[in-house]
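These protein sequences, in sequence, are chains D and W. Taking the numbering used here, the leading residue of the first sequence gets 132, the next gets one more, and so forth. Taking the numbering used here, the leading residue of the second sequence gets 2, the next gets one more, and so forth.
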Amino acid sequence: MLVDLPGGWSPLLGRLAWSQIPYANPILAPLFVAVVIGAIIVLGLITYYGKWTYLWKEWLTTVDHKKLGVMYIIIGLVMLFRGFIDGLMIRTQQVWAVGPHSSGVFGSLHGYLTPFHFGQVYSAHGLIMILLAATPLLVGFMNIIVPIQIGARDMAYPYLNALGLWITAAAAALIMISLFVGDFAHNGWFEYAPIFEMQYSPGVGVDYWIWTLQLVALGTTLGGINILATIIKMRAPGMSWGKLPIFVWASLSANVIALTSFPALQVALGLVAADRYLGAHFFTAGMGGNLMLYTNLFWIWGHPEVYFVILPAFGMMSEIFPTFSEKPLFGYITMVLASMAIAGVSWLVWLHHFFTMGAGPYVNTAFSVATMLVGIPTGVKVFNWAFTMYRGRLTFNAAMLWAIGALFLLLIGGMTGMMLAIPAINYMVHNSVFVVAHFHSMLLVIVYAIFGSVLYWFPKVFGFKLDEFWAKTMFWLFSAGTALVFVPMYMLGFMGMTRRLEYVFNTGWQPYLDVMEFGIVVYTLSVLAFFILLYVSVRDHAKNRVGADAWGTSRSLEWMTHSPVPFYNFAVLPHINERDEVAWRRQHGIDNVRPEHYEDIHMPNNTGVAIILGGLTFVLGFALTWRIWWLCIVSLLAIIVLMIVRSFRGDPGYIITGAELQRMEEEAYRREAQIADSHHSHPVSGGVVGNAMAYQRNDSSK
Amino acid sequence: MSHGAADPTMHPEVQLSTSKGYFLGFAISAFLMLVATFLVTSHSVPPFGLLMVISVCAGIAVIAQIYFLLHIDISEHNIWNTVALVLFIPLFLITIGLTWWMFSQLYLRTMDMSVMSSAMQPAVHASATPGMAAMPGMNAHTDSGN
Chain D
132 MLVDLPGGWS PLLGRLAWSQ IPYANPILAP LFVAVVIGAI IVLGLITYYG
182 KWTYLWKEWL TTVDHKKLGV MYIIIGLVML FRGFIDGLMI RTQQVWAVGP
232 HSSGVFGSLH GYLTPFHFGQ VYSAHGLIMI LLAATPLLVG FMNIIVPIQI
282 GARDMAYPYL NALGLWITAA AAALIMISLF VGDFAHNGWF EYAPIFEMQY
332 SPGVGVDYWI WTLQLVALGT TLGGINILAT IIKMRAPGMS WGKLPIFVWA
382 SLSANVIALT SFPALQVALG LVAADRYLGA HFFTAGMGGN LMLYTNLFWI
432 WGHPEVYFVI LPAFGMMSEI FPTFSEKPLF GYITMVLASM AIAGVSWLVW
482 LHHFFTMGAG PYVNTAFSVA TMLVGIPTGV KVFNWAFTMY RGRLTFNAAM
532 LWAIGALFLL LIGGMTGMML AIPAINYMVH NSVFVVAHFH SMLLVIVYAI
582 FGSVLYWFPK VFGFKLDEFW AKTMFWLFSA GTALVFVPMY MLGFMGMTRR
632 LEYVFNTGWQ PYLDVMEFGI VVYTLSVLAF FILLYVSVRD HAKNRVGADA
682 WGTSRSLEWM THSPVPFYNF AVLPHINERD EVAWRRQHGI DNVRPEHYED
732 IHMPNNTGVA IILGGLTFVL GFALTWRIWW LCIVSLLAII VLMIVRSFRG
782 DPGYIITGAE LQRMEEEAYR REAQIADSHH SHPVSGGVVG NAMAYQRNDS
832 SK
Chain W
2 MSHGAADPTM HPEVQLSTSK GYFLGFAISA FLMLVATFLV TSHSVPPFGL
52 LMVISVCAGI AVIAQIYFLL HIDISEHNIW NTVALVLFIP LFLITIGLTW
102 WMFSQLYLRT MDMSVMSSAM QPAVHASATP GMAAMPGMNA HTDSGN
């Protein structure tokens, strides 16, 4: 052993022992029982209805970008729920443990969580919300929407896409299992040097953190490569860069950030792992280590990462506003430039996360100015959205409400961000809950955009709309919760309350904490409304079926194909004439055309390799966390061998014949004809209507 | 999706790769790493010189790896590699340059400069354990400056 391991270690089980299972913990033990019972019920139901084959063939081995995207979103929503429960626990502890006379239960002096447990809760909350909720949700949407918006049949690398999903799933599984086996990191979601070193954090919590983050980084990088290659190489004929839908531009800029910044995180984590596993001294306080270098390296990734999550959200808002304003997006070019500018500046601002480290006036000023520069392109976006709505024919349905809510939150978060960009103010409020309230405002922009997108694109993916009443109920409850939790939080920040308090010493803050607790209860109601929304919508799905253009005012290409989107996306690739192709076709009366002739198309085969590799990476992460070396070697070798085998075998794909395609398309048209408000389409010969080209020409090779 | 390049071995970047190139890239990187390791363990060069020599070794290794292992060149059929390279160079300069600047300013304010400057002359620290004297922040005296 290169490092001293406190506690036992055995060659067979590593650091794993019965004592690592928290069966005596009054919170985790009942939860564990509930999870096991829930899992048995779910698995039992799948077996009872004989759905294992369906699950394996249609979902677990799929390389269809839409199904992978849906699974990304399911993982993201599950983790969002887990992160929300963590938030509920934090709020409840803080409202409980105020002042020296507050009671304590479950072995805690005040409140119900011991400091060590509370530390794990807020660390898991942060890591989960950013990397395992927001990121998979956004990657899921990019996965589903980008190929359809650019008129492609799948991603550039369908198998790599599946691999990215299952590695992300492995990361989610790893952080979930840390609930019941061992413990999680207790030093905050981004950790601190040197407290993550072995002598200060001897448990497995930091190791879980390292490998969870490492796996997410790997999965997201693979996804980023795929989306970039797809956008660059797979656009439909006629779609020049100037005709790219705005969400695709947002995805492009976001994934350029992902591709360039995630390696910095992986290096930083690799060095932390070297410290903890090999006894190196990269970030130790002595022996030549530099603990400030860790903070620097982490935020070189960390700040671009927050723009990686906000840019797709901006893209989503840019799709929702025009559709429900019945106008084209105001200032398309400036919107694209603003996205690229935000991506560019994202590499120049990381130091504003540690102004107080003491780099002095020159460095702080430079990064302060760079940070304020972000306000310019973001302001351009806000004005563009406002002008898009100006004199538009607005429809205030639930999706639009979420987008408008995101706009308001962006203003609050952006303005407080400008305040924090000033080092003098930053010194005053550093590490206070004011900062926490600021970045929650920004991340809630993403959550609002995501819920707006769920409502907006749900009919495209599943073929029916979600229930408007419950969607609006959820929106108003969620917004009330947001106001009730975060307005008092801003105020407490100004009063000097620091973040991550497991015991609140100032009893004068009690009323604010009470309001925040009430707010989180309202949030809980909105979660309940979301479950009811899903139930009611699925129950009434037959009534809410939609045709290709679910909203009637849609603009971009994804609304041209059927809802739900067939697995091949487009039977015949469309020819792109204008930026807002669907709106343009509607205007020119060629929105009801369909191809006369179908050609054979080539599609990728399903593969079980991706999910097996995902499972193996989970085993590898678990074995590394617990230092079960033989298992590390076995799983790593299995991963390498499997990858080589798969690379040599390749995938020849399969052909859908034109006749089969015609049969499926006619069935889809028949289904659409039964929906009351949809129009009947008619075939066009040679793919040309009037002077406009509707489809890829039959004689062209691409 | 009836693209002609369905066979991955026909892609230009695969066509460019040869076993000789990979072995050469590996050999150069391994050799440079051995040189760096030897210099660090033998203490045959003063600390500042060591820093310079290792940086040069690392730079050559990066170029060798980019050329021999990643096949990034500026030819026309690898146009997207060039785009990636053009994006990478400013990012590399920003990351390393701003970090360097930040730490130089930070050390002015957080480090005991007498130790900092003496750390560049190993003779002063002859009594300390070899190899550990060169870096700031290692002993109690320095830590008190934090």
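Ideal placement from N, C-alpha and C gives every residue a C-beta, glycine not left out.
- Among the residues of the region 61-81 of chain W, those with a Cβ less than 8 Å away from any Cβ of chain D are W81, in the order of the chain.
- Between Q16 (chain W) and chain D, the shortest Cβ-Cβ separation is not below 7 Å.
- Burial state of R670 (chain D) is exposed, judged by a 10 Å Cβ sphere holding fewer than 16 other Cβ atoms.
- Less than 7 Å divides the Cβ of H484 (chain D) from the Cβ of W430 (chain D).
- Looking at the DSSP output, F595 (chain D) shares a beta bridge with D:R676.
- For the region 77-108 of chain W, the beta-carbon criterion of a distance under 8 Å to any beta-carbon of chain D is satisfied by W81, L88, F89, L92, I95, T96, L99, T100, W102, M103, F104, Q106, L107.
- Sequence-distant Cβ neighbours of A602 (chain D) in its own chain, meaning closer than 6 Å and more than five residues away, are A529, L586, L664.
- Secondary structure note for Y438 (chain D): it is in no beta strand (DSSP E), and the uninterrupted alpha helix (DSSP H) holding it is 422-456.
- With a threshold of 7 Å between beta carbons, T38 (chain W) makes no contact with chain D.
- In this structure, F455 (chain D) keeps its C-beta atom at 7 Å or more from the C-beta atom of T352 (chain D).
- Counting only the Cα atoms, M365 (chain D) lies some 32 Å from V398 (chain D).
- F609 (chain D) is positioned such that its CB atom lies closer than 7 Å to that of S657 (chain D).
- Contact annotation: in the region 319-352 of chain D, no residue has its CB less than 7 Å from a CB in chain W.
- Residue state for M734 (chain D) is assigned as strand, using DSSP reduced to three classes.
- Exclusion of the five residues before and after L482 (chain D) leaves F498 as the residues of its chain whose Cβ lies within less than 6 Å of its Cβ.
- With respect to the 7 Å criterion, S477 (chain D) and I377 (chain D) are not classified as neighbours on the basis of their beta carbons.
- If you draw a straight line from the Cα of L191 (chain D) to the Cα of A300 (chain D), it comes to about 12 Å.
- Scanning chain W for C-beta atoms nearer than 7 Å to the C-beta of T547 (chain D) yields nothing, as the closest lies near 25 Å away.
- Residue-level contact by beta carbon fails for N700 (chain D) and chain W, as no gap is shorter than 7 Å.
- Using a Cβ-Cβ cut-off of 7 Å, W478 (chain D) is close to L92, I95 of chain W, given in chain order.
- Assigned with DSSP and collapsed to three states, S309 (chain D) falls in coil, not helix or strand.
- Not flagged as an interface residue toward chain D: T10 (chain W), since no C-beta distance is shorter than 7 Å.
- Considering only beta carbons, the part of the region 465-495 of chain D lying closer than 7 Å to chain W consists of W478, L479, L482, M488, G489, A490, G491, Y493, V494, in chain order.
- Here the alpha carbons of P157 (chain D) and F215 (chain D) stand approximately 20 Å from one another.
- At a cut-off of 7 Å, the C-beta of T42 (chain W) has no neighbouring C-beta in chain D.
- Within chain D, G489 have C-beta atoms less than 7 Å from the C-beta of T111 (chain W), given in sequence order.
- The bridge partners DSSP lists for T629 (chain D) are D:S563.
- One thing to note: N386 (chain D) has its Cβ no nearer than 7 Å to the Cβ of G419 (chain D).
- Remark: C-beta atoms of G678 (chain D) and E803 (chain D) approach each other more closely than 7 Å.
- At the C-beta level, M329 (chain D) and R407 (chain D) come within 7 Å of one another.
- Scanning the region 346-398 of chain D from its first residue to its last, no whole beta strand (DSSP E) run of 3-plus residues comes out.
- Using a CB distance cut-off of 7 Å, T519 (chain D) does not count as an interface residue toward chain W.
- The secondary-structure analysis by DSSP pairs V635 (chain D) across a beta bridge with D:V229.
- In the DSSP assignment, S141 (chain D) is bridged to D:G145.
- By the Cβ-count criterion, K21 (chain W) is exposed, with fewer than 16 other Cβ atoms from all chains shown falling within 10 Å of its own Cβ.
- Contact between the region 563-582 of chain D and the region 542-555 of chain D is present, with at least three C-beta pairs closer than 8 Å.
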